[in-house]
Each structure stands twice: as structure tokens, then as C-alpha cells.
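K.L.:
Chains as they are written, first to last, in our numbering: chain A, 8 to 264; chain B, 8 to 264.
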């Protein structure tokens with residue numbers, strides 16, 4: 008039977024990240040629970056990106072192998088009834104049996120939101136990183152430009168990431184001021200793949216340079232030195248959004264049309 | 008001693024509205040608790056608009072009479088430490104002893120958010136009214152224009168509103184598509200004062216006309232007939248935001264500058 012491919016959006020504020028854990032509420036754990044409420048034969052839900060605790064997603068992609076014949080629309084309605092309000096199924100399609108979306112991701116887009124505000128804003132609480140420091144956006148943009156291209160990003164990862172190949176390609180890295188909420192800055196980065204904590208280290212470094220806490224040129228220095236200490240703060244998880252994942256396959260029977 | 012004037016923002020999702028109630032979590036109840044944690048001599052917090060359960064505010068205005076000498080900045084910091092994340096003090100100033108902001112409100116602005124989406128969106132859950140019906144914005148705009156001016160809005164209120172004078176002045180009523188999130192429509196209405204449920208009845212009626220459920224001209228018919236039945240649905244509370252209140256006085260010593 009064909010595998011089911013889901014696009015999932017979630018507010019990660021109250022969850023311990025994507026990956027299932029014993030004794031913790033996780034996105035994949037809630038999703039598997041909802042799928043198994045409909046089809047108890049399902050053993051696992053395979054995600055594409057293991058987002059950290061507090062990180063949000065507008066389009067995580069996940070797949071599972073059903074044991075019951077249910078249409079994509081049927082899955083969408085059934086899962087909507089089972090899932091908590093913070094997790095939503097945005098689309099459902101079918102792909103080949105056993106499909107593992109991690110092996111088919113060719114491009115990812117992340118967004119990091121920075122709120123410039125002197126006092127708390129309940130509508131951005133846990134959804135943007137608040138700072139009251141003046142930020143020089145030109146400096147942040149110059150650092151962002153230095154990221155674009157194919158580089159060894161060894162410096163740009165958590166010590167928990169032990170992968171050998173640290174060469175990645177960044178296609179674009181831009182800062183914009185949101186039109187409807189000009190107190191919010193959005194940093195958008197598109198690349199083929201990312202190391203662990205890479206986007207949060209980049210966002211924290213660019214904000215550190217923009218507020219004058221780190222000398223301009225930090226990105227270039229770290230690309231040359233491969234030293235994490237040439238970079239800045241790891242920005243907090245709650246400002247990060249997994250915005251989009253491009254796969255090298257197109258699912259069938261997609262709901263909604 | 009001068010009264011303290013607060014501008015308060017809140018996500019009303021989890022609260023039973025502004026006005027204090029026994030055995031229910033309310034915004035004014037939380038605020039009074041926070042103020043009394045700092046100054047136990049305070050007896051009441053006087054709000055300007057009694058927002059309903061689920062309604063949000065970006066700038067509710069409230070006042071209280073302190074018994075301790077604390078600067079506006081001192082109040083801001085102390086209350087920030089006491090209040091839950093959904094309630095934030097945006098500014099603090101001082102006004103005349105005994106000041107009642109209800110008597111000094113000369114203009115209010117409300118915003119109603121409509122999300123056009125086929126599936127749930129966790130980032131707008133409880134913060135916008137979701138509909139999957141196609142909406143004709145030209146029809147909604149024509150109804151909105153009919154509201155502008157000084158009219159007897161007797162039809163535009165809940166049966167729980169028993170006030171005798173139902174003449175109000177609407178200065179503007181407009182629909183816009185948000186730039187950053189074009190799936191969200193914002194209805195903005197500015198007036199001198201509003202009847203109970205008036206903005207929610209207006210928003211529901213305009214959406215009913217825009218989706219073809221109610222014949223165009225509903226606003227004009229209800230202004231002439233004074234009959235609630237000529238209007239549409241009362242839109243749900245969770246799409247409504249109290250955006251701004253203009254007072255006829257300017258507070259002193261305002262924090263932040």
C-alpha cells in the first residue's frame with residue numbers, strides 16, 4: 008500500500024521538539040498517537056527535520072505506512088479531530104511504500120523572527136526573540152551575504168553534531184522588516200541542508216554583530232578558522248520556524264487540491 | 008497621590024474577559040492581583056472597555072490609585088515580574104487622583120481578523136475567525152461604508168445591552184488584506200463609542216454578505232428598521248482585538264519615553 012505523506016504545521020512552544028521521547032510531549036509523539044487512533048497498525052511516523060524543543064514549523068513533512076485504505080481527505084479530517092490545536096495537518100498525499108522523506112529533501116527554508124520591543128508583547132511571546140538593543144540591519148545583511156555559497160560550515164554547529172561532512176550550500180540569506188508588524192525583523196535562509204543548531208547560531212551571530220557586541224566580519228572569520236568561538240550567541244529556539252521543505256518527488260492524490 | 012495609568016496588551020484566549028468574576032480567571036483580576044502584590048493598599052483597577060471572554064487587546068487602558076510612591080518605570084518592571092505571559096504592560100504614566108478612564112475615552116479602534124484557510128493554522132488558532140468560504144471583499148467594503156457617520160445603531164447590539172441612547176458615530180470602517188499573511192483579512196473600525204457586541208455583530212454581518220449568505224444592503228436595512236434580525240451572525244470573540252483608545256487627557260511621566 009502507498010505511504011501517506013503529511014505536511015504538518017505546529018506551534019512548538021509547549022512541546023519537547025519533534026523526535027519522540029519517553030515521558031515528554033513531542034510533535035512526532037502526538038502525531039503518531041493521532042495516526043494510531045485511526046489505524047493502530049502504524050508503527051512509526053518518519054519526519055524530515057528533527058526540530059528542537061520550542062521550534063515552530065509551517066511545513067514539516069512526515070510519512071507513514073498505513074494498514075487501512077483511507078483517502079488523503081479522510082486522513083486529513085480524521086487527524087484534525089485527533090490532534091491538539093497547536094498541531095495542524097496542512098496537506099496529505101500519497102508516495103511510494105516505505106518512503107523516507109529525509110532522503111528526498113533537496114532544499115529547506117528557515118525563518119528566524121526578531122522582535123524589537125522595550126516591553127513584552129503577548130502576541131509574539133514564545134514566537135519571536137525579543138531584544139531592546141538598537142540593531143544595525145546593514146551590518147546584519149553584510150554578514151548574511153557572506154554565508155551564501157558552498158562552504159565548510161564546521162564552525163556553525165553544536166558540539167552535539169558529530170557529522171564528518173560539514174560542507175553545505177546556502178542559496179540565500181536575507182533580512183526583511185515585516186510590513187504589518189514593522190517591529191518584527193525576519194531572517195530567511197535557504198539551503199540544501201543544515202547542521203545541528205546552524206540556523207540558531209547564524210541568527211544569534213548576525214544579531215550580535217547588528218547590536219555591536221561582535222565585530223563585523225564574524226561569518227568570514229569563522230568560515231576560515233572553523234572555530235565556533237569566532238561566532239556569537241545561539242539564538243533561542245522560540246524564534247525559529249521551519250518554513251518549507253522541497254522534496255525531489257511529487258506526491259499523488261494531494262488534499263487539498 | 009496621582010493615579011497610575013496603564014496601557015495593557017493581552018491575548019484573551021484563556022481568560023473569561025476583562026471584568027473581575029468570582030471563580031474565573033479574568034484580565035482585570037490578574038492585573039489587580041499583580042498590583043496588590045506590589046501595593047496591597049490598592050482596592051480596584053478601573054478599565055476602559057469591558058472586553059468579552061476570548062477578546063484580545065493591544066492597548067486596553069486602566070487606572071488605579073496607589074498608596075506607595077513608585078515611579079512609572081518601577082511599576083512597569085514590578086508588574087512585568089508578577090503578570091502571566093499573556094498579559095503585558097505596554098506603558099505606564101500618571102494622571103489625576105481618582106481618574107476613571109471610561110469617562111475620558113473619546114475614540115476607540117477595533118480590529119477583527121478573518122483567516123481564509125481550508126485547514127487549521129496553529130499560528131492563528133484562537134486569534135482569527137477561520138472560514139473556508141470564498142469572500143467577496145467588494146461586497147464587504149460596500150456594507151462597511153454604510154456604517155460610517157452618526158446613526159442609531161439600536162439593531163447592532165446584544166439583547167443584554169439595555170442602554171437608552173443607541174446613537175453612535177463611526178469615523179471609518181475598512182477592510183485590508185494583510186501584507187505578510189495575505190490569507191488574513193483585517194476589518195478596522197474607528198468610532199466614538201460602541202454598543203455591547205456591536206463590532207462582532209458588524210463583522211459577522213459583513214462576512215455573511217461577503218460569502219453570499221445575506222443579501223447586500225443588510226447594514227442599511229438594519230439602520231432603518233432597528234431590527235437585529237436584519238443583520239447576520241455575531242462573529243466569534245477570538246477574532247476581535249481592542250487596538251487603540253484615545254483619551255482626552257495626556258498622562259505625565261510616561262514610561263517608556
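All residues carry an ideal CB built from backbone N, CA and C; glycine is no exception.
1. Below 8 Å on the Cβ atoms is my contact criterion, and I expect residue 68 (chain B) with residue 14 (chain B) to pass it. Report the Cβ-Cβ distance as a whole number of Å.
2. Any beta carbon from chain B within less than 8 Å of residue 263 (chain A)'s own beta carbon?
3. Contact defined as beta carbons within less than 8 Å: I believe residue 181 (chain B) pairs with residue 195 (chain B). What is the distance between those atoms, to the nearest angstrom?
4. Which residues, in chain order, does the stretch 123-151 of chain B contribute to contact with chain A at a C-beta distance below 7 Å?
5. Under 8 Å by Cβ, that's how I've got residue 202 (chain B) and residue 164 (chain B) pegged, so tell me the actual separation to the nearest angstrom.
6. Can you name, in chain order, every residue of its own chain whose Cβ lies under 6 Å from the Cβ of residue 147 (chain A), other than the five neighbours on each side?
7. Taking the DSSP output, what are the residues bridged to residue 121 (chain A)?
8. So that I know if they touch, is there some Cβ in chain A lying closer than 8 Å to that of residue 260 (chain B)?
9. Mind checking if residue 187 (chain A) is an interface residue toward chain B, Cβ cutoff 8 Å exclusive?
10. Quick one: grab the DSSP three-state call for residue 239 (chain B).
11. Within the 8 Å Cβ cut-off, does residue 85 (chain B) reach chain D?
12. Between A:206, A:223 and A:72, which lies nearest to residue 54 (chain A) when the distance is taken from Cα to Cα?
13. Using C-beta distances below 6 Å, list every residue in its chain close to residue 246 (chain B), excluding the 5 sequence neighbours before and after it, in chain order.
14. Given a cut-off of 8 Å on the beta-carbon distance, is the pair residue 215 (chain A) and residue 240 (chain A) in contact?
15. Does the stretch 140-157 of chain A touch the stretch 219-231 of chain A, meaning 3 or more C-beta pairs lie closer than 8 Å?
16. Excluding the 5 residues preceding and the 5 following residue 253 (chain B) in the sequence, name in chain order all residues of the same chain whose CB lies nearer than 6 Å to its CB.
17. Out of B:29, B:18 and B:24, which has the shortest C-alpha to C-alpha gap to residue 130 (chain B)?
18. Spell out the partners DSSP gives residue 95 (chain A) in its beta bridges.
19. Output needed in chain order: residues of the stretch 46-64 of chain B with a Cβ under 8 Å from some Cβ in chain A.
20. Rounded to the nearest angstrom, what separates residue 29 (chain A) and residue 66 (chain B) at their Cα positions?
21. Mind checking which residues open and close the alpha helix (DSSP H) that includes residue 42 (chain B)?
22. May I ask you to report which of helix, strand or coil DSSP gives residue 158 (chain B)?
23. Have a look at residue 248 (chain A) and residue 63 (chain A) and give me their C-alpha separation to the nearest angstrom.
P.N.:
A quick look at the data gives this:
1. Against the second chain, residue 68 (chain B) aligns to sequence position 61. Against the second chain, residue 14 (chain B) aligns to sequence position 7. Their Cβ separation, rounded to whole angstroms, is 6 Å, which keeps residue 68 (chain B) and residue 14 (chain B) in contact under 8 Å.
2. Working through the first chain from its first residue, we reach residue 263 (chain A) at position 256. Output row for residue 263 (chain A): interface = yes.
3. Numbered from 1 along the second chain, position 174 holds the residue referred to as residue 181 (chain B). Numbered from 1 along the second chain, position 188 holds the residue referred to as residue 195 (chain B). Sure, about 5 Å apart at Cβ, within 8 Å.
4. Answer set for the stretch 123-151 of chain B: 125, 126, 127, 128, 129, 130 and 132.
5. Locating residue 202 (chain B) in the second chain gives position 195, counting from the first residue. Locating residue 164 (chain B) in the second chain gives position 157, counting from the first residue. Contact check for residue 202 (chain B) and residue 164 (chain B): beta-carbon distance about 4 Å, within the 8 Å limit, so the pair qualifies.
6. Counting from 1 along the first chain, the entry for residue 147 (chain A) is found at position 140. For residue 147 (chain A), same chain residues with a beta-carbon under 6 Å away, outside a window of 5 residues either side, are 182, 213 and 217 in chain order.
7. To locate residue 121 (chain A), count along the first chain from 1; it is residue 114. Answer is A:136 and A:192.
8. As a first step, residue 260 (chain B) must be located in the second chain, where it is residue number 253. Not one chain A Cβ lies under 8 Å of residue 260 (chain B).
9. Sequence index remark: in the first chain, residue 187 (chain A) carries index 180 (1-based). Interface criterion met: the Cβ of residue 187 (chain A) is under 8 Å from a Cβ in chain B.
10. The residue given as residue 239 (chain B) occupies position 232 in the second chain. DSSP places residue 239 (chain B) in coil when its eight states are reduced to three.
11. Structure shown: chain D not included; protein chains present are A and B.
12. For the purposes of this step, residue 54 (chain A) is taken as residue 47 along the first chain, with counting starting at 1. For residue 54 (chain A), the closest of A:206, A:223 and A:72 by C-alpha to C-alpha distance is A:72.
13. In the second chain, residue 246 (chain B) corresponds to position 239, counting from 1. Once the five neighbours on either side are set aside, the close Cβ partners of residue 246 (chain B) are 119, 120, 135 and 136.
14. Position 208 of the first chain holds residue 215 (chain A). Position 233 of the first chain holds residue 240 (chain A). Cβ atoms of residue 215 (chain A) and residue 240 (chain A): closer than 8 Å.
15. The stretch 219-231 of chain A is in contact with the stretch 140-157 of chain A.
16. As a position in the second chain, residue 253 (chain B) is number 246, starting the count at 1. Cβ within range, chain order: 113 and 114.
17. The residue you call residue 130 (chain B) lines up with position 123 of the second chain. Taking only the C-alpha atoms, the option nearest residue 130 (chain B) is B:18.
18. Along the first chain, read from residue 1 onward, the residue named residue 95 (chain A) stands at position 88. Per DSSP, the beta bridge partners of residue 95 (chain A) are A:16.
19. Answer in chain order: 63.
20. Walking along the first chain from the start, residue 29 (chain A) turns up at place 22. Walking along the second chain from the start, residue 66 (chain B) turns up at place 59. Cα-Cα distance, rounded: 42 Å.
21. Position 35 of the second chain, counting from 1, holds the residue named residue 42 (chain B). Element bounds for residue 42 (chain B): 34-45.
22. Walking along the second chain from the start, residue 158 (chain B) turns up at place 151. Judged by DSSP in its simplified three-state form, residue 158 (chain B) adopts strand.
23. Along the first chain, read from residue 1 onward, the residue named residue 248 (chain A) stands at position 241. Along the first chain, read from residue 1 onward, the residue named residue 63 (chain A) stands at position 56. About 5 Å.
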